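Report on the structure given below.
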Amino acid sequence: MFEQTSRYSSTVDSAMLYITVISVLMLLLITVAMIYFVIKYRASKNPIPTQYHGNVAIEVTWIIIPTLLVMSMFYYGYKDFSDLRNTEKFDEEYFVTAKMWNWDFKYENGTVTDTLFVPVGKTLKFNITSLDVLHSFYIPAFRIKEDAVPGSNGFVVITPEKTGEYDIACAEYCGLNHWNMYKKFIVMEQDEYYAWVESQGGKDKEEVNTTEEKSAESDSNEMSENKEN
Amino acid sequence: MSGHNEHTSVDTHEHLPSYGKNVMIWLVLVALTALTVTVASVDLGNYTFFVAMLIASIKAMLVINIFMHIKYDDILMKSILLACGLVFTVIFIMYSFDLFNRYTG
Amino acid sequence: MNNTTNTNYTNFYQVKTKHKGLLAWLLTTDHKRIGIMYLISILSFFLVGLTFAFLMRLEMLTPGPTIVDAQTYNSFFTLHGMIMVFLFIIPGIPAVFGNFFLPLQIGAEDVAFPRLNLFSYHLYLTGAFLALYSLIFQTHIDTGWTFYVPYSLRTGTDVTLPLMAAFILGFSSILTGLNFVTTCHRMRVKGMKMFEMPLFTWALYSTAWIQVVATPIIGITIVLVLLERSFGFGIFDPTIGGDPVLYQHLFWIYSHPAVYIMAIPAFGVISDIIATFSRKSVFGYKVMAYSTIAIAFIGYVVWAHHMFTSGMSDTARTVFSFLTFFVAIPTGVKVFNWVATLWRGTIVLSSPMLMALSAIFLFSIGGLTGLHLGSISTDIHLHDTYFVIAHFHYVIIGGILSMFIAAMHFWFPKMFGKMHNEKVAKIGVVLYFIGANVLYFPMFIMGYMGMPRRYFDYLPEFQIYHVISTVGSWILIASILLMFTNLLIAIFKGKPVGSNPWGAKTLEWTMPSPPPLLNFIETPVPSHDPYDYHGHDERNFEDVKYIENKENDIINQENS
Amino acid sequence: MSTTSVDAHGHSNNHAGHGYGDNNQLYVHFHRDDYGSKFGMWLFLFTEVLLFGGLFVLYYGYRIAYPHDYHNAAMELNIVMGAVNTLVLLTSSLTMVLSIVALRRKSIKTSLFYLIVTFGFGATFCVNKYFEWSAKIHHGIFPGSMELRETRPAGEVVFFGLYYLMTGLHTFHVIVGMVVMVFCFIFIRTGTINSDKYIVLENAGLYWHLVDLIWIFLFPLFYLLH
Ligand code: HEA
Ligand code: HEA
Ligand code: CUA
Ligand SMILES: [Cu+2]
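Residue numbers (our numbering), protein chains in the order written: chain U, 10 to 238; chain R, 123 to 227; chain C, 56 to 615; chain S, 16 to 241.
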């Protein structure tokens, strides 16, 4: 549930917590003030209202303080995000291809599988694309999500820190079986993983996939070329 | 901002517009069209786009100011045009943040 | 207090017209009748939208198919979203209460272009009937209310008619906006400056600008999807060169400002209600007016916060996240100013007031969770999960629907000349508050745990939250039905009221209720402060007895 | 006069006389606000510009995505056709203005003459467009055509898609403008529009100039940039 699976997931959670705490405080402030005023100044107690048209100092205060608060929120979100997008170096690369209503996971050595196996403690880059409509590669436990857009490539970079089995979901509406694109994301011990990858040696899940991917690549257009450089 | 009661029913441009001035403007517009077509055949590299847009904008300003009378209208009427320009600028700028970084990495 | 029932006038319901029967309504240019017609049509569609919500919640009660299959569920949320957004909440407050009260609040006799106003209504009806036709006779659209390409290009369901309906409704919205902007500038009664208009009018004015500025973009986008579907221009179709992300830009360039089209009029209603029942001028009137404009403007430059995971460039994600946070500032100013208005006021807890206070609370929850969504890293996790659903239902149910209902209670005596039962109304408000929280709060938790939206089925660990949420929807049903029935009964059996039962100060309360055809019996003299409560003493205010539900005053009136 | 009747008519006593039944022209009658109409018209033009704006946004986006394809595709459009149409519209804008000037100077005949000329230019524009489009269609370049889908790069498909959409939407506006002119013609003949009440013609003129304005931008964007 709120399980920590990587450094990234815990920073996202603390950003979440930070925003939540400020929000709850704000909400409390407003609510308490509201209830207090309603009781204290109810018509039967305070039949003559005091006319007040405003107060510049107060209004400036409640412009400036929230501004500072939200800027700090922005900073938190931005910092984590730049980690997620840090592509300078990564250890393993995967090619994730979505289609109605399935995922294909392709490893660097050409193997294609239905379940995504990765090694723990390595920095992994996922290149995400789609063959038909929009999908979204979502691993709740890692707090990551990136749309699979036909005709172009998205990516995310994560470093899992705990072995285990996690869910991959599709988070962009894609039709009838959108709800049924759950797949497993399995983080293995490093030696176990590498042994496994070796043993697969470029095996395809089904031969069909390669041909489809080839044709998708061959009508590459200027747009995706531009994007890559 | 001005309330309605400050305007009269027949609006602000009292002067009767003349034929001559409009014909002049038309001549200028035609000349600018000729210019832009000529310039198009010269290779200006990256500037082609800007030159073409500049000339088009000048033509547009002439049409708006003179043919569409905005020059003689009051500030409220002009502010619509201003808002329109602002909205366009904002959309294009915001949108460019995506385009330029995505397509021309 | 001028609060006598004026018997020697004909109110706008009674006026004889050239046309008879239904046509006397359908062909009227009277803004008040048009407002009432909008009220009836919009509420009918609201019920349709609600029914889909109800069915959806029922489906989510248990994992696996409960009452329908996946395809049907997909069209349920699409139809629910479309009907609620395009047919209910966007036209909602402006078309009903704006039409009825904008001219009254600025001392005018009608809007600037009465015939255009009627035309807008006809467009609305046309759009609504197209939508309804498609609903009844065609396969149900299943694209989600966002119609994202390329799915909307490929789906085999009937997309054309609902999209055309949305296009026509957009046009209706533009024309209403154009009309209101002109009305605010040209129709103010002599002596009323822009900065002396009530805040509800200000809200309508800013909203009208957004309608004019944003709606054409969705219009063209819809047309493009339709054309793409039938001819294959290649604009959006990735197989022949289109880029789906550009579609999302165009869609949200409209649809983000659209959420402020929904919200700003509701803010206006809150301001008017709070001022009235605190017997005070709104704290920081000018700041309130400016913040309305600021929201409208900033709201225009944050659209891509809906696209943080869409594959947009990283720079754009950062810039849009940054700007998103600035919407919170003017909104915060509004919230704080409302609370400050209560300070040292004379607070009368009528049902509209109770609703407004609960709205401030619920809206704040919705708005503050908007901050979680505005921050990039957290949004990447929360995007397209139930957290988003909870966010916007809190804002909409808590802030906007509730203000629609509050406005109905607040202006009911003016529109119908009758008073509803305040006690029942207050029970309704409390139920509504409980229901909304039970219904939507669990969704925040689910969303954070990773339950994606638009899912027909879910993992077993989410069931408990779905069950709570569904029970909440029943409480909400009960409250809504209770309040509507109460009002419906009051139309026929309510006690007649005078011109100003609530003791409000804006101009619409200076004429008898319901208003006469040309609104003002005498030319109104506006005050420099639209909420001028100087010298107010609640003990001298007779009409508060309506609020306290005491009957004697009414009997006096009936005798006179 | 004033625009709200509230201050223009102390109508507290003559209320009954203002019911719709007796006088259905109630609002039309004393609600004359030329300034307001023009203001409304400008707002409407604003929305029209934004309607095209959506397309300009797409044009711009794809121009950045596919710069080369755009250049190549633009070569295939006929500059002469485009330039002629530009001149036609510019001139029609002029004659539209002249029609209003004439009307305000009370020369109804001249006004009608210029209106007809404007209409004629509009028609010329449409005829030109018809030939231009049919030439393209003849070469197999139209939305969804095999030629485009199979043999052209993505950027050209998009370019021609936008070309048809934008010039199509524009031509649609030209036709609407021409219909409006027909109504203006009739109203001038019947005297509903006259040298004192010319706001309808003026608004029609504004609309027509907008059509011209948009073309001023479409022309370089599609025909010149190669
Ligand atoms: C009326 C409707 C409405 C309103 C008013 C808002 C208001 C806001 N919304 Fe919301 N939103 C929607 C309707 C609305 N939204 C809808 C329908 C969607 C989903 C669409 C879809 O995908 O189907 C959505 C989705 C949505 C997203 C995209 C989520 C995603 O899909 O990933 C984001 C992201 O930034 C967002 C942010 C905000 C913000 C920052 C505000 C701000 O305006 C909120 C400002 C208010 C406050 C902040 C609270 C009050 C202030 C204070 C109490 C004091 C100050 C305190 C501080 C500043 C700390 N909204
Ligand atoms: C104006 C906007 C509005 C309003 C008022 C509501 C109101 C409600 N909505 Fe929402 N909703 C949206 C706008 C709105 N919604 C949008 C835009 C989406 C996104 C769609 C998409 O993904 O494309 C959405 C999506 C959405 C979902 C997510 C679906 C999914 O992603 O799988 C859910 C789930 O619970 C939901 C529930 C509700 C509920 C329970 C209410 C309740 O508040 C309603 C309370 C009322 C009742 C529960 C019924 C009471 C009445 C009756 C039963 C009437 C009986 C009938 C007659 C008498 C004729 N809505
Ligand atoms: Cu794939 Cu949703
Ligand atoms: Cu938004």
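Cβ atoms here follow ideal geometry from the backbone N, Cα and C, with glycine treated the same way.
On a predicted model such as this, the values are computed, not experimentally measured, just so you know.
Looking from the CA of ALA258/C, the closest CA among GLY527/C, PHE155/C, THR347/C, GLN266/C belongs to THR347/C. Residue range 111-115 is occupied by the beta strand (DSSP E) that includes TRP112/U.
When distances are taken from the beta-carbon of HIS438/C to the heavy atoms of ligand 3, even the shortest one reaches 6 Å or more. Between ligand 4 and the CB of HIS448/C, the shortest heavy atom gap is not smaller than 6 Å. In this structure, the alpha-carbon of LEU437/C lies about 46 Å from that of TYR238/S.
Assignment of alpha helix (DSSP H) within the region 226-270 of chain C, counting only whole runs of 4 or more residues, yields no such run. At a cut-off of 7 Å between beta carbons, MET183/R makes no contact with chain S.
THR194/C sits away from ASP165/C, with the two beta carbons spaced by 7 Å or more. Annotation for HIS144/U indicates a beta carbon within 6 Å of some heavy atom of ligand 3. Around ILE308/C, the beta-carbon contacts reaching into chain R at under 7 Å are ILE213.
Interface criterion not met: the Cβ of TYR116/U is under 7 Å from no Cβ in chain C. Contacts with chain U at 7 Å (Cβ-Cβ) include ILE435/C. Using a Cβ-Cβ distance cut-off of 8 Å, the region 369-379 of chain C and the region 424-444 of chain C are in contact, since at least three pairs of beta carbons, one from each stretch, lie closer than that value.
According to DSSP, THR122/U shares a beta bridge with PHE114/U. With respect to chain R, the C-beta atom of VAL226/S has no partner C-beta closer than 7 Å. With contacts defined as CB atoms closer than 7 Å, VAL209/R and VAL268/C qualify as a contacting pair. Within 10 angstroms of the beta-carbon of HIS448/C lie 16 or more other beta-carbons, which makes it buried. Of all residues in the region 159-171 of chain S, only GLY159, ARG164, ALA169, GLY170 place a beta-carbon less than 7 Å from a beta-carbon of chain C. Boundaries of the alpha helix (DSSP H) harbouring ASN223/R: 197-225, taken from the DSSP string. Between THR181/C and chain S, the shortest Cβ-Cβ separation is not below 7 Å. The beta-carbon separation of GLY453/C and ILE420/C, rounded to 7 Å, stays under the 8 Å limit for a contact. Closer than 7 Å to the CB of LEU259/C there is not a single CB belonging to chain S. For the region 37-61 of chain U, residues whose beta-carbon sits nearer than 7 Å to a beta-carbon of chain C comprise ILE39, THR40, ALA42, MET43, PHE46, VAL47, TYR50, ARG51, ALA52, ASN55, PRO56, ILE57, PRO58, THR59, GLN60, TYR61.
The Cβ of GLY55/S sits closer than 7 Å to at least one Cβ of chain C. Contact of TYR169/R with chain S is not assigned, every C-beta pair being separated by 7 Å or more.
Annotation for PRO146/C: TYR93, ILE97, TYR179, LEU224, SER227, SER228, THR231 place their beta carbon closer than 8 Å to its own, counting only its chain and skipping 5 residues before and after. For GLU174/U, the enclosing beta strand (DSSP E) begins and ends at 173-179. Within the same chain, HIS135 come within 6 Å of ALA108/C by CB-CB distance, once the 5 residues on both sides are set aside. The region 465-472 of chain C makes no contact with the region 391-402 of chain C: fewer than 3 CB pairs, one atom from each, lie closer than 8 Å. Rounded to whole angstroms, the separation of the alpha carbons of MET175/R and ALA162/R is 11 Å.
Beyond the five residues adjoining it in sequence on each side, HIS446/C comes within less than 7 Å, by CB distance, of GLY421, THR424, GLY425, LEU428 in the same chain, given in chain order. Rounded to the nearest whole angstrom, the C-alpha separation of LEU140/U and PRO299/C is 13 Å. In this structure GLY490/C touches LEU531/C by the C-beta definition: roughly 3 Å separates them, less than 8 Å. If you compare the alpha carbons of HIS464/C, PRO569/C, ALA313/C, PHE286/C with that of GLN266/C, the shortest gap goes to ALA313/C.
Proximity of the region 11-30 of chain U to the region 141-161 of chain U meets the contact definition, three or more beta-carbon pairs being nearer than 8 Å. LEU125/U counts as buried, since at least 16 other C-beta atoms from the protein chains shown sit within 10 angstroms of its C-beta.
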